[in-house]
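Notes follow the structure.
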Amino acid sequence: MAKIAILGDIHANLEALNTVLDDCRAQGVEEFLCTGDVVGYNANPHECLDIIRAIGCPVMMGNHDYYVSREMNLSDFNPHAAFVVEWTRAQLSEDELAWLGALPFQKTVKGISMVHSTNDNPMTFGYVFDNLQAAANFVNQKTPVCFHGHTHCPMIYEKSMQGVARIDPQDFKLVAGRKYFINVGSIGQPRDGDPRATYVIYDSVQKTVVFRRLEYDIAAAQAKIRAAGLPERLAARLEVGQ
Ligand code: ZN
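Under the numbering used here, the residues of the sequence shown are numbered 699 to 940, in order.
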């Protein structure tokens with residue numbers, strides 16, 4: 699295992715996922731990991747699930763995967779969010795819902811750990827936006843490197859003898875003796891002001907991390923959202939990356 703693509707927050711965006719997978723082939727990616735949220739927000743949950751299941755890689759439980767795969771009370775959700783959960787559920791077969799519902803919250807594969815949100819109580823899907831939240835994760839992170847998603851904003855958190863540092867996403871090499879909690883960003887709905895699909899390539903031999911950003915056919919993804927009758931805001935946000 700050397701070149702590993704870490705895919706996250708795909709959110710049923712088929713155009714973005716296909717663009718990322720083309721890039722993975724061009725980059726010589728050999729293995730895949732997925733930090734979860736395969737479904738939710740966009741209009742192709744079934745197609746994206748098919749692709750991810752065919753890849754056969756480890757996939758973590760995202761909060762949308764969790765909500766969609768359970769009969770739960772959505773009265774705490776805002777009406778748009780509840781509508782999208784119900785719509786997504788209606789697109790999927792019993793088998794697909796059962797597959798989503800059985801995803802693990804966290805996992806370690808060959809020394810690399812993954813979680814959708816944070817290793818600090820992963821079943822409650824807390825967000826990591828700052829050093830304090832990252833510090834709580836590091837208490838429970840047993841491996842030198844862990845990949846996550848959930849905020850849809852790519853970011854690097856590094857724990858060294860000096861404490862926790864937040865580093866803007868950039869290509870870098872892991873330093874031995876330090877720990878890294880790396881947010882791989884979102885394929886299907888980036889929120890850091892850059893609308894391009896995002897994923898990470900980790901070279902487990904060279905210990906290097908590369909953030910990939912790719913333009914994709916946003917207009918096609920938007921047209922499908924509108925045709926499905928999903929909230930207009932979900933289409934509009936794709937082109938601004940918010
Ligand atoms: Zn998400």
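Built from N, CA and C at the ideal position, the CB exists for glycine as well. Bear in mind the structure is a predicted one, so any value in this text is a computation, not a measurement.
Identify the residues that DSSP records as bridge partners of residue i: which are they?
{"i": "Cys755", "result": "Note: Cys755 sits in no beta bridge, so no partner."}
{"i": "Ile916", "result": "Answer is none; Ile916 lacks a bridge partner."}
{"i": "Arg910", "result": "Tyr897"}
{"i": "Gly844", "result": "One detail in the question is off: residue 844 reads as Cys in this sequence, not Gly. Looking at the DSSP assignment, Cys844 forms a beta bridge with Ser811, Phe879."}
{"i": "Gln804", "result": "Val813"}
{"i": "Cys732", "result": "Leu705, Val757"}
Could you give the distance in angstroms between the alpha-carbon of residue i and the alpha-carbon of residue j?
{"i": "Ser815", "j": "Gly734", "result": "9 Å"}
{"i": "Asp828", "j": "Gly883", "result": "15 Å"}
{"i": "Phe781", "j": "Arg931", "result": "13 Å"}
{"i": "Phe775", "j": "Val783", "result": "10 Å"}
{"i": "Ser902", "j": "Ser773", "result": "44 Å"}
{"i": "Leu731", "j": "Ala700", "result": "12 Å"}
{"i": "Phe909", "j": "Asp793", "result": "33 Å"}
{"i": "Glu745", "j": "Asp720", "result": "16 Å"}
{"i": "Lys877", "j": "Arg924", "result": "43 Å"}
{"i": "Gln831", "j": "Gly875", "result": "21 Å"}
{"i": "Met971", "j": "Ala741", "result": "Look at the range of the chain in this structure, 699 to 940, and you will see that residue 971 is not part of it."}
{"i": "Val727", "j": "Val898", "result": "11 Å"}
{"i": "Ile865", "j": "Gly824", "result": "20 Å"}
{"i": "Thr906", "j": "Ser791", "result": "39 Å"}
{"i": "Gln804", "j": "Val813", "result": "5 Å"}
{"i": "Ala796", "j": "Gln860", "result": "44 Å"}
{"i": "Gln920", "j": "Gly927", "result": "11 Å"}
{"i": "Ala779", "j": "Val862", "result": "34 Å"}
{"i": "Ile880", "j": "Tyr855", "result": "6 Å"}
{"i": "Glu769", "j": "Ile749", "result": "25 Å"}
{"i": "Asn771", "j": "Asp869", "result": "42 Å"}
{"i": "Gly939", "j": "Ala933", "result": "11 Å"}
{"i": "Ala833", "j": "Lys808", "result": "23 Å"}
{"i": "Leu747", "j": "Val873", "result": "35 Å"}
{"i": "Ala752", "j": "Leu705", "result": "14 Å"}
{"i": "Asp892", "j": "Glu937", "result": "9 Å"}
{"i": "Gly754", "j": "Ala917", "result": "29 Å"}
{"i": "Pro777", "j": "Gly847", "result": "24 Å"}
Once the 5 residues before and after residue i are set aside, which same chain residues still bring their CB inside 8 Å of it?
{"i": "Thr786", "result": "Ala710, Val737, Gly738, Pro743, His762, Val766"}
{"i": "His850", "result": "Asp707, Gly883, Ser884, Gln887, Pro888, Arg889, Asp890"}
{"i": "Ile810", "result": "Ile702, Leu731, Thr841, Val843, Cys844, Phe845, Tyr900, Ser902"}
{"i": "Thr717", "result": "Ala895, Leu912, Glu913, Tyr914, Asp915"}
{"i": "Lys871", "result": "Gln904, Lys905, Thr906, Val907"}
{"i": "Thr1005", "result": "The requested residue 1005 is not part of the displayed model; the chain covers only 699 to 940."}
Can you list, in chain order, the residues of its chain whose CB lies under 6 Å from that of residue i, leaving out five sequence neighbours each side?
{"i": "Glu913", "result": "Arg894"}
{"i": "Arg911", "result": "Arg894, Thr896"}
{"i": "Ala714", "result": "Ile885, Gly886, Ala895, Tyr914"}
{"i": "Gly799", "result": "Ser767"}
{"i": "Lys950", "result": "What the structure shows of the chain is the stretch from 699 to 940, and residue 950 is not part of that stretch, so it cannot be assessed."}
{"i": "Cys722", "result": "Ala703"}
By Cβ distance below 7 Å, which residues in the same chain neighbour residue i in space, the five residues on each side in sequence not counted?
{"i": "Pro802", "result": "Met758, Met759"}
{"i": "Ser858", "result": "Arg876"}
{"i": "Asn817", "result": "Gln804, Asn835, Asn838, Gln839, Cys844"}
{"i": "Pro852", "result": "Pro867, Asn881, Val882, Gly883, Asp890, Thr896, Phe909"}
Q) Listed in chain order, which residues are found with a beta carbon closer than 5 Å to a heavy atom of ligand 1? A) For ligand 1, the selected residues are Asp707, Asp735.
Q.
Restricting to runs no shorter than 3 residues, where is the beta strand (DSSP E) found entirely within the stretch 846-902?
A. Here the runs fully enclosed are 853-858, 861-865, 877-881, 895-901.
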